[in-house]
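Enquirer: The structure's right below; bear with me while I get my questions together.
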Amino acid sequence: MTLRKKNNFKKNDALLCIPEKNTTVKENFLDSGDLILTYQAMYKPFFLRIKKIVGQNPKKTFTRKIQLDGLGVDVWSLLDGEKNVKTIIKEFAVRHTLNYKEAEISVTLFLRSLGEKGLIGIKEP
Amino acid sequence: MPNQEGLLQKKFAWNGVSLRVPMSWEIDSLDKDHVIIGEDTQPRMEIKWTDSPGKFTLGKYLKNFISQTQKKLKIKIYERPTPCSFKKTNQDLEFFFFSWKSASSSGRGSLIFCSHCKKLSLIRFFSKSKTLPDSLQESILLSYEDHSNDDHIYWRVFGLHFSTPHRFNMTDYSFKPGCYILDFDHKKTKLTVYSWGPASFLLSKTSITAFATQRLSQLEGFAKSGVCKCGDYFQWKYRYGILKNIDTLPILNRYSRYTVFRICREKTSNRIIGVMVDSREKFEHDLIKESFIGDIEKKKQL
Numbered sequence: 016m017t018l019r020k021k022n023n024f025k026k027n028d029a030l031l032c033i034p035e036k037n038t039t040v041k042e043n044f045l046d047s048g049d050l051i052l053t054y055q056a057m058y059k060p061f062f063l064r065i066k067k068i069v070g071q072n073p074k075k076t077f078t079r080k081i082q083l084d085g086l087g088v089d090v091w092s093l094l095d096g097e098k099n100v101k102t103i104i105k106e107f108a109v110r111h112t113l114n115y116k117e118a119e120i121s122v123t124l125f126l127r128s129l130g131e132k133g134l135i136g137i138k139e140p
Numbered sequence: 059m060p061n062q063e064g065l066l067q068k069k070f071a072w073n074g075v076s077l078r079v080p081m082s083w084e085i086d087s088l089d090k091d092h093v094i095i096g097e098d099t100q101p102r103m104e105i106k107w108t109d110s111p112g113k114f115t116l117g118k119y120l121k122n123f124i125s126q127t128q129k130k131l132k133i134k135i136y137e138r139p140t141p142c143s144f145k146k147t148n149q150d151l152e153f154f155f156f157s158w159k160s161a162s163s164s165g166r167g168s169l170i171f172c173s174h175c176k177k178l179s180l181i182r183f184f185s186k187s188k189t190l191p192d193s194l195q196e197s198i199l200l201s202y203e204d205h206s207n208d209d210h211i212y213w214r215v216f217g218l219h220f221s222t223p224h225r226f227n228m229t230d231y232s233f234k235p236g237c238y239i240l241d242f243d244h245k246k247t248k249l250t251v252y253s254w255g256p257a258s259f260l261l262s263k264t265s266i267t268a269f270a271t272q273r274l275s276q277l278e279g280f281a282k283s284g285v286c287k288c289g290d291y292f293q294w295k296y297r298y299g300i301l302k303n304i305d306t307l308p309i310l311n312r313y314s315r316y317t318v319f320r321i322c323r324e325k326t327s328n329r330i331i332g333v334m335v336d337s338r339e340k341f342e343h344d345l346i347k348e349s350f351i352g353d354i355e356k357k358k359q360l
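Okay, structure coming up:
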């Protein structure tokens, strides 16, 4: 029988965490105000195996780019490594005259997607 | 009772009921007749209400409601005398106080019966991590209203506020970040309220008419402009049917529908508001006038 460790991490704890930018990410601002982030992504193990079989380049990473719109750039600019998620949500809500709950959902979803891509890290307070 | 009314700065109104809560309280969960309001991810209060059955006796009605609520919310309810400090201001409302207990939490609350609309509501306060002062609870209860004095239902949630004609029932709602949609109907007329935000961002590179046609591809023809209380609006009016040019055959006229859509930018809330009326009857201008975008003289300001 395996025992699964109970996750006691609650929503409030998550909101107090501090997101931090990945220092290897390159930023390139466009004239339109959008921002292009260039970062290194890992190949999936399946593709790595295929590459190995085919005898291709043994590099484990490849370059990817994502483009942030105005709202994304706003959240990105708030990631200074000191502000916690809750503060970022509040500041974002004030900047755009948004309801706190609406800002909370938008910002947390955005931060989650950045985290999944490895563009940010999250540290506990 | 110390005055706590100054603390109750946020107005909440949903599907006929309304009350005031502290500024830091936010909606945690929302249903047609059930709301949970919390603060910092902790629930603070829960509201559940029901419409009255046709024939009833108050005692039996209360008993049934309490037993159903106990089962549904998995709580035990104990009667409590009315606090001496509590002085009701709305004569239509009858308050029955109680304390409640569940496996993990406890608190106090009140059952509220309205002799005017016969609605029965249950409000319970949570006191698991932070005990709410009695005076604050009582102030919230005193701010509670379950019907308006005019023929409108007021809505005030997530930064959106408007009113709908009383005869319209809400059939569906969706609150996604950036886009809220609420559907109402009455007989064969459908009323849909849209709200998009933040307007400053959404309209930074496009016009409001282009935005409308992009979001609602069914819009036909040109938009006419006008001025209403919210500011400048654009309005589309058209008729459509299941077949092209169906209205040329009078016998098939009943299969065509009339649509009016009005869109407006509300600068104070930084949102774009849209109202669509779809009806078999001829254009329901009055309906749009009765909605928040129109020029209705509001008897009550939320």
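Protein sequence lines, in the order shown, are assigned to chains P and F. Per the working numbering, numbering of the first sequence is gapless, rising by one per residue and ending at 140. Per the working numbering, numbering of the second sequence is gapless, rising by one per residue and ending at 360. Ideal placement from N, C-alpha and C gives every residue a C-beta, glycine not left out.
Do P/VAL40 and P/LEU134 have their beta-carbon atoms positioned less than 7 Å apart in this structure?
Expert: Going by C-beta atoms, P/LEU134 is nearer than 7 Å to P/VAL40.
Enquirer: Who does F/LYS234 pair with in a DSSP beta bridge?
Expert: Partner(s): F/CYS237.
Enquirer: Consider the Cβ of P/THR112: report whether some Cβ of chain F lies at a distance smaller than 7 Å.
Expert: Yes, its Cβ sits closer than 7 Å to a Cβ of chain F.
Enquirer: Thinking just about the alpha-carbon of each residue, which of F/GLU339, F/CYS175, F/GLU196 is nearest to the one in F/ASP65?
Expert: Residue identity differs from the one stated: residue 65 of chain F is Leu in this sequence, not Asp. Of F/GLU339, F/CYS175, F/GLU196, the residue nearest in Cα terms is F/GLU196.
Enquirer: Would you give the residue range spanned by the beta strand (DSSP E) that F/PHE226 belongs to?
Expert: Element bounds for F/PHE226: n/a, residue is neither H nor E.
Enquirer: I'd like to know if P/ASN72 contacts chain F, where contact means its C-beta is closer than 7 Å to some C-beta of that chain.
Expert: Not closer than 7 Å to any Cβ of chain F, the Cβ of P/ASN72 fails to qualify, so no.
Enquirer: Determine the chain P residues that contact F/ASN73 at a beta-carbon separation under 7 Å, and present them in chain order.
Expert: Ordered by position in chain P, no residue passes the 7 Å Cβ test against F/ASN73, which lies about 18 Å from the chain.
Enquirer: Identify the residues that DSSP records as bridge partners of P/GLU42: which are they?
Expert: According to DSSP, which records beta bridges pairwise, P/GLU42 is partnered with P/LEU52.
Enquirer: Compare the Cα-Cα distances from F/LYS282 to each of F/PHE319, F/LEU249, F/PHE259, F/LYS248 and report the closest residue.
Expert: Nearest of F/PHE319, F/LEU249, F/PHE259, F/LYS248 to F/LYS282, Cα basis: F/PHE319.
Enquirer: Using a Cβ-Cβ distance cut-off of 7 Å, determine whether F/THR2 contacts chain P.
Expert: For chain F, the structure presents residues 59 to 360; residue 2 of chain F sits outside this window and is missing.
Enquirer: State yes or no: is the beta carbon of F/PHE220 nearer than 7 Å to at least one beta carbon in chain P?
Expert: With 7 Å as the cut-off, F/PHE220 does not count as an interface residue toward chain P.
Enquirer: If F/LEU277 and F/ALA270 are in contact, beta carbons under 8 Å, what's the gap, nearest whole angstrom?
Expert: F/LEU277 to F/ALA270, Cβ: 6 Å. Contact.
Enquirer: Considering only residues of the stretch 258 to 301 of chain F, which uninterrupted beta strand (DSSP E) runs meet the minimum length of 3 residues and lie entirely inside it, listed in chain order?
Expert: Those beta strand (DSSP E) runs which fall completely within the stretch 258 to 301 of chain F and span 3+ residues are 282 to 286, 289 to 298.
Enquirer: When you compare only the Cα positions, how much space is there between F/PRO60 and F/LYS145?
Expert: Confidence is the limiting factor: at F/PRO60 the pLDDT is only 47, short of 50, which leaves the residue's position unreliable and the question unanswerable from this model.
Enquirer: Examine chain F for any beta-carbon lying closer than 7 Å to the beta-carbon of P/SER92, and answer yes or no.
Expert: No, no contact with chain F.
Enquirer: So is F/CYS142 buried or exposed if we call it buried at 16+ other beta carbons inside 10 Å?
Expert: Under this definition F/CYS142 is an exposed residue.
Enquirer: Answer yes or no: does any C-beta atom of chain F fall closer than 7 Å to that of P/ILE33?
Expert: Chain F, which has no Cβ nearer than 7 Å to the Cβ of P/ILE33, makes this no.
Enquirer: Any beta carbon from chain P within less than 7 Å of F/PHE216's own beta carbon?
Expert: Yes, F/PHE216 lies at the interface with chain P (some Cβ there is under 7 Å from its Cβ).
Enquirer: Run through the stretch 55 to 89 of chain P for me and flag every whole alpha helix (DSSP H) of 4 or more residues, listed as ranges in chain order.
Expert: With a minimum length of 4 residues, the continuous alpha helix (DSSP H) runs that stay inside the stretch 55 to 89 of chain P are 60 to 69.
Enquirer: With 7 Å as the threshold, decide whether the Cβ of F/PHE259 is near any Cβ in chain P.
Expert: Judged by the 7 Å Cβ criterion, F/PHE259 is in contact with chain P.
Enquirer: With a threshold of 16 other CB atoms inside 10 Å of the CB of P/ALA118, please say whether the residue is buried or exposed.
Expert: Classification of P/ALA118: buried, given that the 10 Å Cβ count is 16 or more.
Enquirer: Span of the beta strand (DSSP E) holding F/PHE183?
Expert: Counting along the chain, the beta strand (DSSP E) containing F/PHE183 begins and ends at 178 to 184.
Enquirer: How long is the line joining the alpha carbons of P/HIS111 and F/ARG214, rounded to whole angstroms?
Expert: When rounded, the distance between both Cα atoms is 19 Å.
Enquirer: Assuming P/LEU45 and P/ILE81 make a contact with CB atoms under 8 Å, what is their CB distance in whole Å?
Expert: Not really, about 13 Å apart at Cβ, beyond 8 Å.
Enquirer: What residues from the stretch 95 to 124 of chain P come within 7 Å of chain F, judged by C-beta to C-beta, listed N to C?
Expert: Correct list: HIS111, THR112, LEU113, ASN114, TYR115, LYS116, GLU117, ILE120, SER121.
Enquirer: What do you get for F/LYS177, buried or exposed, if any count of 16 or more other CB atoms within 10 angstroms of its CB means buried?
Expert: By the 10 Å Cβ count, F/LYS177 comes out buried.
Enquirer: Is it true that the CB of F/LEU200 sits closer than 7 Å to the CB of F/ILE170?
Expert: Result no, Cβ atoms of F/ILE170 and F/LEU200 do not sit closer than 7 Å.
Enquirer: Heavy atom of the ligand ZN less than 6 Å from the Cβ of F/MET103, yes or no?
Expert: Annotation note on the ligand ZN: not contained in the displayed structure, which lists no ligands.
Enquirer: Return no unless some Cβ of chain P is closer than 7 Å to the Cβ of F/LYS129.
Expert: F/LYS129 does not count as touching chain P.
Enquirer: So which residues on chain F does P/ASN27 lean against when the C-beta distance must stay under 7 Å?
Expert: Within 7 Å Cβ-Cβ: ASP98, THR99.
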